Amino acid sequence: MSAARDRHTASKLSSGKVLVTGGANSAVLNSVELYDPSAGIWTTTNPMTSARKIHTATVLTNGSVLISAGDTGSGFSNTAELYDPISSTWTPTGSMNAVRGAHIAVKLANEKVLVSGGDGGGGFLSTADLYDPIANTWTAVSPMNSMRCSHMASILSNGSVFVAGGNDGSYLASAEIYNPTANTWTNTASMSYARQLATISVLSNGKILVAGGDNGSSLNVAELYDPSTNTWTVTGSMNYARIGHAATVLSNEYVLVTGGCTANSIAEIYDVSTETWTVTGSMMAIRQYHTISQLTNGTVLVAGGIDSTSTDLNSAELY
1 MSAARDRHTA SKLSSGKVLV TGGANSAVLN SVELYDPSAG IWTTTNPMTS ARKIHTATVL
61 TNGSVLISAG DTGSGFSNTA ELYDPISSTW TPTGSMNAVR GAHIAVKLAN EKVLVSGGDG
121 GGGFLSTADL YDPIANTWTA VSPMNSMRCS HMASILSNGS VFVAGGNDGS YLASAEIYNP
181 TANTWTNTAS MSYARQLATI SVLSNGKILV AGGDNGSSLN VAELYDPSTN TWTVTGSMNY
241 ARIGHAATVL SNEYVLVTGG CTANSIAEIY DVSTETWTVT GSMMAIRQYH TISQLTNGTV
301 LVAGGIDSTS TDLNSAELY
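Here the sequence shown is numbered in full-length UniProt numbering, starting from 1 and rising by one per residue.
Set out below in structure tokens:
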């Protein structure tokens with residue numbers, strides 16, 4: 001990449017290119033670049049209107065990318081903006097009702113985007129906002145039952161949003177589900193391990209894999225949530241404890257986890273059928289707080305991050 005960065009976002013566009021936004025090195029960045037898998041090259045594109053790290057990026061059905069909130073370097077933001085991949089331009093949207101960073105963003109079945117929790121600068125948040133891409137507006141919706149920062153979220157097959165863990169001043173094991181139709185949050189069964197900054201992966205069998213993270217020290221434990229029975233089951237543990245790692249579900253339905261604190265450059269794969277982890281070699285660089293993106297051809301792009309000497313990276317590699 002043209003700029004070293006960590007705590008950035010990476011989004012695969014409908015063209016197959018990967019859009020990388022923001023993050024930080026010695027300063028918080030507004031710079032943006034595109035990776036073209038067919039040519040194997042990075043190119044810079046127009047910068048965001050605001051520098052951001054620990055923000056979110058959500059690809060909308062029309063192909064545009066919604067960037068929301070984050071830390072600008074001078075405080076947390078409530079602004080959002082849209083990237084148009086055709087014109088390579090950025091357009092501000094309306095603002096959220098609260099400033100936030102280290103929050104979550106999930107696209108709903110109705111095309112709206114739910115943002116919840118995060119760090120508001122003066123404390124952790126339970127509040128949630130909904131972005132309507134048709135009206136280009138944000139609306140406050142019911143808050144979560146718990147304040148959460150650095151939590152994990154995914155969309156369920158029934159269209160509800162599953163949220164787990166995070167931090168409210170203490171590490172959280174609790175989880176809850178948002179029903180977009182009723183605009184309600186319902187507590188679910190709690191995880192066996194409180195954690196923040198874990199990875200979350202939706203498996204083909206409908207279960208949700210949560211792996212690693214932090215509860216005062218890095219974790220190697222993983223567990224599965226079954227939405228059909230509202231139960232958690234501890235599954236095989238990773239070979240290495242990890243925080244600041246990244247995960248993606250591969251085309252063969254295995255889960256690839258890369259990097260993170262204590263694991264450094266080592267990657268491993270979770271076999272859904274045997275519920276076991278196997279080391280699958282090492283990346284070329286030690287990485288934490290990097291991004292992982294599965295490309296159209298099934299290969300995986302890992303980009304940026306920070307190494308064990310706290311040096312930000314501009315390198316990228318393919319698995």
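Every residue, glycine too, gets a C-beta built ideally from N, C-alpha and C. What you are looking at is a predicted structure, and each value in this text was computed from that prediction instead of being measured.
- Pro133 sits in coil when the DSSP states are folded into three classes, being neither helix nor strand.
- Between the alpha carbons of Val302 and Ala211 lies a gap of roughly 18 angstroms.
- Beyond the five residues adjoining it in sequence on each side, Phe124 comes within less than 6 angstroms, by CB distance, of Met147, Cys149 and Asp168 in the same chain, given in chain order.
- By alpha-carbon distance to Ser88, the top candidate from Ser273, Ser174, Ser15 and Ala194 is Ser15.
- Judged by DSSP in its simplified three-state form, Tyr240 adopts coil rather than helix or strand.
- Per the C-alpha coordinates, the member of Ser228, Ser251 and Arg195 positioned closest to Ala241 is Arg195.
- Counting C-beta pairs closer than 8 angstroms gives three or more between the region 184 to 200 and the region 242 to 260, which meets the contact rule.
- Buried is the label assigned to Met48, since at least 16 other Cβ atoms lie within 10 Å of its Cβ.
- About 7 angstroms separates the Cβ atoms of Leu60 and Glu111, confirming a contact at the 8 angstroms cut-off.
- Leu19 is positioned such that its CB atom lies closer than 8 angstroms to that of Ser11.
- According to the DSSP assignment, Asp71 belongs to the beta strand (DSSP E) that extends over Val65 to Asp71.
- Residue pairing by DSSP puts Met152 in a beta bridge opposite Ala164.
- Of all C-beta pairs linking the region 1 to 11 to the region 270 to 286, fewer than three are shorter than 8 angstroms, placing the two stretches out of contact.
- Less than 8 angstroms separates the beta-carbon of Arg100 from that of Gly120.
- Residue pairing for Leu19: DSSP places it in a beta bridge opposite Ser11 and Leu34.
- Annotation: Ile86 is outside any beta strand (DSSP E) and is labelled neither H nor E by DSSP.
- Val113 places its beta carbon less than 8 angstroms from that of Leu66.
- In this model, Asp132 and Trp138 are separated by some 6 angstroms (Cα to Cα).
- Secondary structure of Leu219 (DSSP, three-state): strand.
- For the 8 angstroms CB-CB criterion, Thr43 and Leu34 form a contact.
- Burial is judged here by how many other beta carbons sit within 10 angstroms of a residue's own beta carbon; Ile41 has fewer than 16 and is exposed.
- Ile134 counts as exposed, since fewer than 16 other C-beta atoms from the protein chains shown sit within 10 angstroms of its C-beta.
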